[in-house]
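Below is one structure, written out as structure tokens; comments come after it.
In our numbering, the protein residues as written are 1494 to 1673.
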């Protein structure tokens, strides 16, 4: 009987220590301000994203949104964005900020974007774009950020079963609606 009470007391103390440790870790994370949630609009369409610092000046960002679709023409293999209606996409990016100051960042990044397309519509093909780019990010006040990048990419069209290399350009305005 005494052993069971002692074990319950030890378990409760361990649980309290674990909970306090978790809150301390969460508080430390909040004080570092290393995770940001954004609402973005730009050439790619509109999206939401979450950006988190991985280590030092390395960041990872995950996106989901609606934007233009892609089509690859069978005759010449050119890729064209299609703006007639929106198609869902997801993308992920990792970047290294080689200039990291309070209001400006310059970076090298890799990004992959998958566009879901629309079944039965050849102007909205399922496709993937992988790219390597050089970019800039500038703070425009406390919550607004301007981001642009220029790079090279490799586009794969899963409907036409073709791929091609291309130049990439990104222009985005971000609104930081939550950070912790």
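In this text, a Cβ means the ideal position worked out from N, Cα and C, and glycines have one as well.
Where residue i falls, given that 16 or more other Cβ within 10 Å makes a residue buried
i, result
"residue 1650", "buried"
"residue 1547", "exposed"
"residue 1556", "buried"
"residue 1622", "buried"
"residue 1606", "buried"
"residue 1551", "exposed"
"residue 1541", "exposed"
Bridge-paired residues (DSSP) for residue i
i, result
"residue 1543", "1530 and 1555"
"residue 1650", "1620 and 1655"
"residue 1630", "1598 and 1640"
"residue 1548", "1551"
"residue 1560", "1580"
"residue 1666", "1534 and 1639"
"residue 1672", "1529"
"residue 1613", "Partner(s): none; residue 1613 has no beta bridge."
First through last residue of the beta strand (DSSP E) which encompasses residue i
i, result
"residue 1600", "1597 to 1608"
Presumed contact (8 Å Cβ cut-off) between residue i and residue j, rounded CB distance
i, j, result
"residue 1590", "residue 1636", "Their Cβ separation, rounded to whole angstroms, is 19 Å, which puts residue 1590 and residue 1636 out of contact at 8 Å."
"residue 1661", "residue 1634", "With a Cβ gap of about 27 Å, residue 1661 and residue 1634 do not count as contacting."
"residue 1604", "residue 1624", "5 Å"
"residue 1580", "residue 1609", "6 Å"
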